[in-house]
DNA sequence: TAGGATTGTGGAAGCGTTTGCAGGCGTATG
DNA sequence: CATACGCCTGCAAACGCTTCCACAATCCTA
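Quick look at the structure:
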């Protein structure tokens, strides 16, 4: 492994000049620059990032804290974040905080603090006030996907609004008997997504003058099997069968559609189903959905933290940015067959 | 931010002793150790990893190169790797190499080399000889998931064997007319998985004395929609309908099942379907499958590289470790209705 | 043509750790 | 009682860069 010294002597300049030539900071004549570059090239020299971050105080790393990896929403965020970071010359340190509280503490108190990252992106992190405190105390740019969360800049779709949009679509089609299958309110892993989507649903119902029957909300797991089970349960009893279901996520919606099919119900003739996400599978199932783009959310979060890093004094435009969530109509929703 | 100096003076010892006390290397009386620990605690001191890696030459980072994130197999690997790394006190730097060749080169030549990682785990990476060369030239432990790949230690299931197992299961049930829906041979993203699974299928057919008709292999995308399209195409024509299909991945198999249902065929009465993976959705669809555990593959890869790092001279037991892939029988496979 | 601004380069001082070496002390060994 | 050895600690030298400062040379501009 050759050091900067070797490059310097091969190029016939000082270490200082090599550093300037390679980093592009400060004045270097273009002639020396090429000489240095060639010398570095021929020696296979690359700067030691530990040495350079020791003096500059920057690591070129961004930490990403995420509760799950293997789910479309979260995977897409990571992809977006990774892409954006790599584009700007930063590396991504991944922390999966799905597990024990012990590990969580360790990540917070130890890893993140240990001068290893320049900034932090926290994804739908149910964060305690102390933890938020800690993050802020790092003095490093932070962005949250999800939220809003007091004190740290966050971004994401407006979950209440998205849920209302979805429910309103069903109402507009003439449905009056609409159930909501959402996440379990007790096992919130994030910024109360489940509660918010339920809220949007309730708001829409109320605006339409429909009385809410608490049996109309069915909590389940946020995946296809969860939707399937809920669907089987709801649709199994013909007397208590709604004309439409608003599922809090596309995967849940798809599970419901599968359950409906199995019970011999046609969608949308016997049952309209709408979800949120515009999941890659939505198209195949003809699922009407509210689109959101987690990869773009990741990119925006990166933009926020990197700009704070590179443009001193820059701040995210708002405490919380509400991203667009638009209705995509497919074939899983239609007018109700029987009007109640 | 307080440095080691502050801790030293607060504890009334030298920097050297603080370093030894905190790192656990060298002799330190237990009394001073606690004094130092408390001092560090009260000052909120954490060592600067750049400073320490500058002198030790280790970063406590492991780089993971992976072509996709948002797919069950790959997501699970990342989860396994992350868990194992964090357990051992290492951090994970994620490189998603799905994109342009330019970016690929950049990662190889720049990021990985730049003294940023102690070891590399490459997941199903279609790697050129020069790239393998480069990786080895780093002089850092490397493990590949997938393979085998000459020169670097790899691990994974035996794809040929898994495919044969799957096909044999169908043969054993009495099927003679078995089609294979696999990946597109031209768009291999990895260690020729598609070719291998096709090969295992052919081997099983041959051993059973069944002549292979090249129309019996249908390539498609490796996901549910891909399987669905292939299924529609294959099953749409009643005259050319097999009694069983071996899908190269569970997601493809699920797509086929959905297509079959839509065409009014029952599984397994009219059509048996088997896949590979034991994907989380397999159970819901009653899908018979060959199980593999990507998360465990990730853990093993971590074990390999970390042991090389921490036990000088240690080497992975073999060039390539074949992990178990076991048949899980569910309800998507059964005896053929009509014997051909 | 003088003087300031701009450009280009080198010397040297760190950045915050780890670790080799040396020395001091206490205890076991001959 | 002298010697050896194990334990504990401090000093100071790296580790490989970046950047401040000084200085020189060149270029404008008045």
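Chains as they are written, first to last, in this note's numbering: chain A, 1 to 340; chain B, 1001 to 1340.
Note that CB positions come from ideal geometry on N, CA and C, so glycine has one too.
Residues of chain A with a Cβ closer than 7 Å to the Cβ of residue 1051 (chain B) are, in chain order, 54. In the DSSP secondary-structure assignment, residue 289 (chain A) is bridged to A:275, A:328.
With respect to chain B, the C-beta atom of residue 224 (chain A) has a partner C-beta closer than 9 Å. Ranking B:1075, B:1060, B:1074 by CA distance to the CA of residue 1309 (chain B) puts B:1060 first.
Note on geometry: alpha-carbon atoms of residue 1014 (chain B) and residue 146 (chain A) lie some 46 Å from one another. Under the DSSP definition of a beta bridge, residue 62 (chain A) partners with A:92, A:119.
Between residue 126 (chain A) and residue 67 (chain A), the CB-CB gap stays under 9 Å. Under the three-state reduction of DSSP, residue 1252 (chain B) is assigned to helix. Pairing residue 1044 (chain B) with residue 43 (chain A), the inter-Cα distance amounts to about 42 Å. Ranked by how close their Cα comes to the Cα of residue 1298 (chain B), the residues B:1078, B:1266, B:1009, B:1097 have B:1078 in first place. For residue 40 (chain A), the CB contacts under 6 Å within the same chain, skipping 5 residues up- and downstream, are 7 in chain order. Look at residue 1217 (chain B) here: in three-state DSSP terms it is strand. Across the structure, residue 137 (chain A) and residue 108 (chain A) are spaced so that their CA atoms are roughly 11 Å apart. Excluding five sequence positions before and after residue 1285 (chain B), the CB atoms of its chain that fall closer than 6 Å to its own CB belong to 1254, 1257, given in chain order. Taking 9 Å as the threshold, the shortest C-beta distance from residue 6 (chain A) to chain B does not fall below it. Using a Cβ-Cβ cut-off of 9 Å, residue 1218 (chain B) does not count as an interface residue toward chain A, since no Cβ of chain A sits closer than that to its own.
Apart from sequence neighbours up to five positions away, the residues of its chain that approach residue 277 (chain A) with a beta-carbon distance below 8 Å are 72, 73, 249, 250, 251, 289, 290, 291, 292, ordered along the chain.
In the three-state reduction of the DSSP assignment, residue 105 (chain A) falls in the helix class, which pools H, G and I. Within its own chain, the residues whose Cβ lies closer than 7 Å to the Cβ of residue 182 (chain A), once the five positions on either side in sequence are excluded, are 194, 197, 198, 217, 219, 248, listed in chain order. Judged by DSSP secondary structure, residue 1320 (chain B) falls within the beta strand (DSSP E) whose first and last residues are 1320-1323.
The way I'd put it, the stretch 1026-1040 of chain B doesn't touch the stretch 80-100 of chain A; fewer than three beta-carbon pairs between them come closer than 8 Å.
With the rule of 3 Cβ pairs closer than 8 Å, the stretch 1017-1027 of chain B does not count as touching the stretch 316-330 of chain A.
Within chain A, the residues whose beta carbon sits less than 7 Å from that of residue 1078 (chain B) are 69, listed in sequence order. According to the DSSP assignment, residue 1128 (chain B) belongs to no beta strand (DSSP E), since it is labelled neither H nor E. Not one beta carbon of chain B lies nearer than 9 Å to the beta carbon of residue 322 (chain A). Counting only Cβ-Cβ distances below 8 Å, residue 281 (chain A) has contacts in chain B at 1224, 1225, in chain order.
If you compare the alpha carbons of A:114, A:64, A:328 with that of residue 54 (chain A), the shortest gap goes to A:114. Using a Cβ-Cβ cut-off of 7 Å, residue 1082 (chain B) is close to 94, 96 of chain A, given in chain order. Contacts with chain B (Cβ-Cβ distance below 8 Å) from the stretch 289-314 of chain A involve no residue at all. Just so you know, the alpha carbons of residue 1208 (chain B) and residue 1329 (chain B) end up roughly 21 Å apart.
It is roughly 28 Å from the alpha-carbon of residue 86 (chain A) to the alpha-carbon of residue 133 (chain A). Judged by their CB atoms, residue 121 (chain A) and residue 1069 (chain B) are not nearer to each other than the 9 Å cut-off. 9 Å or more divides the Cβ of residue 222 (chain A) from the Cβ of residue 166 (chain A). Around the C-beta of residue 1082 (chain B), 16 or more other C-beta atoms lie within 10 Å, and the residue is accordingly described as buried.
Pairing residue 271 (chain A) with residue 260 (chain A) gives a Cβ-Cβ distance under 9 Å. With a threshold of 9 Å between beta carbons, residue 1061 (chain B) makes contact with chain A.
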